[in-house]
Each structure stands twice: as structure tokens, then as C-alpha cells.
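Per full-length UniProt numbering, residue 1 is the first one in the sequence shown, and the count goes up by one each step.
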Amino acid sequence: MGMFSFIKEAGEKLFGHKEVEQAAAAAAPNLDELNTRAAHAIRDYIETQSLGVVGLFVLFDGASGKVTVQGEAPTQEASEKVTLCCGNVGGVQEVENLLSIAEPADEAQYHDVVRGDTLSAIAKQFYGNANKYMVIFTANKPMLSDPDKIYPGQKLRIPPLA
């Protein structure tokens with residue numbers, strides 16, 4: 001699937017990313033341990049989303065803010081959601097998605113949320129119809145719990161209309 005960029009300071013606070021960055025900058029002896037803990041936190045977060053990924057393996061490099069994911073996703077949608085789970089975490093700047101996909105399909109587009117965005121406005125931009133906001137909301141569940149709770153810096157999946 002490739003490499004995706006994210007805003008490092010935006011997203012879920014799953015681990016102390018500042019501690020990992022400081023350890024990386026100082027070449028601290030506990031850097032490997034901190035990277036491993038961060039990778040486990042990200043993996044656990046992905047698994048709570050129940051996306052059906054088999055053999056999920058997550059690496060985190062605190063020096064670069066890069067997450068690498070491997071395993072097998074059941075669908076293109078699940079693979080894209082894994083990328084978003086990783087990237088919408090504070091301290092993550094890039095995600096390299098190396099998941100194989102059991103049922104490949106057309107890839108979604110992505111949108112970086114900016115101040116003032118709403119799902120309706122995003123739907124109008126991508127689909128020409130603000131009432132299609134539920135398509136975007138559904139495409140980003142379970143990471144989104146409410147259509148009114150998006151934040152600047154968040155990356156959203158914009159799937160093709162069926």
C-alpha cells in the first residue's frame with residue numbers, strides 16, 4: 001500500500017512520544033525498549049478496532065516517528081483503516097503499510113482535516129453532495145465515534161462512492 005505522511009503532533013495519545021523522541025535524540029540505552037512499548041501500544045490500539053488483521057506486526061522508530069505494519073488484512077478497507085489507526089496517533093509522522101490484502105479493491109482517497117472542516121463540507125468537496133457525510137463517517141468507523149468529532153490534523157478515508 002505504501003508510505004503515508006501524518007501530522008506528528010495530532011492524534012490519540014497512546015504512549016509518551018516526547019519521551020521516545022528525547023531518548024532517540026540522546027541515543028539513550030532504553031530507546032529500543034521505548035520503541036517496543038510504543039509499537040505494542042499501537043498494535044493493541046489496532047486490535048481494539050476489530051479489523052480482522054491476521055499476523056499483525058508493528059514496528060515503531062521514535063527517531064523518525066515512523067510506524068511499519070505487516071500482516072494480512074481481509075480487505076482494502078481494513079488495510080486503509082490500519083494505516084489511519086497508526087497515523088492518527090500522536091508522535092507518528094509516517095506509516096509504511098506492508099500489509100497484504102486478501103480481497104484487494106480500489107484504494108480510497110484521503111483528506112487531512114483542517115480547522116473549520118465538517119464531514120458535510122468534506123462530502124461536498126469530494127462527492128458534490130454534503131448529505132453524503134455518513135459515507136465518510138462510516139468509512140472511518142470505529143476510529144470515529146461521532147460525525148461531529150473530527151479534529152485538525154486528523155487524516156480521513158474518503159472511499160469511492162458505490
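For glycine and all other residues, C-beta sits at the position ideal for the given N, C-alpha and C.
Outcome for THR83 when other beta-carbon atoms lying within 10 angstroms are tallied against a minimum of 16 = By the neighbour-count criterion, in which a residue is buried when 16 or more other Cβ atoms sit within 10 angstroms of its Cβ, THR83 is buried.
task = For THR75, I'd like the list of residues in its chain whose CB is within less than 6 Å of its CB, leaving aside the five on either flank, ordered along the chain.
result = For THR75, the CB contacts under 6 Å within the same chain, skipping 5 residues up- and downstream, are GLU103 in chain order.
request  = Take LYS66 and list the residues in its own chain whose beta-carbon comes closer than 6 Å to its own, dropping the five residues that flank it on each side.
outcome  = Sequence-distant partners of LYS66 (beyond 5 residues in either direction) whose C-beta falls short of 6 Å from its own C-beta, in its chain, are GLU94.
request  = Using three-state DSSP, classify ILE158 as helix, strand or coil.
outcome  = Under the three-state reduction of DSSP output, ILE158 falls in the strand class.
query = If you draw a straight line from the alpha carbon of ALA130 to that of ILE7, how long is it in whole angstroms?
reply = Rounded to the nearest whole angstrom, the C-alpha separation of ALA130 and ILE7 is 26 Å.
inquiry  = Give me the DSSP bridge partner(s) of ARG88.
reply    = First, the amino acid is wrong: residue 88 is Asn here, not Arg. Bridge pairing for ASN88: absent [DSSP].
query = What are the partner residues of THR36, as DSSP defines its beta bridges?
reply = Bridge partners of THR36: none, in fact.
ask   = What number of angstroms, rounded off, separates the C-alpha of HIS40 from the C-alpha of GLU33?
value = Approximately 11 Å, taken between the alpha carbons.
query = How many Å lie between PRO147 and PRO29 at the Cα?
reply = The straight-line gap from Cα to Cα measures roughly 43 Å.
Range covered by the beta strand (DSSP E) that runs through ILE101 = From DSSP, the beta strand (DSSP E) with ILE101 extends over 100-103.
request  = Could you tell me the distance, in whole angstroms, from the CA atom of GLY90 to the CA atom of LYS124?
outcome  = Across the structure, GLY90 and LYS124 are spaced so that their CA atoms are roughly 28 Å apart.
query = Using DSSP with H/G/I as helix, E/B as strand and the rest coil, what is ASP44?
reply = DSSP places ASP44 in the helix class (H, G or I) of the three-state scheme.
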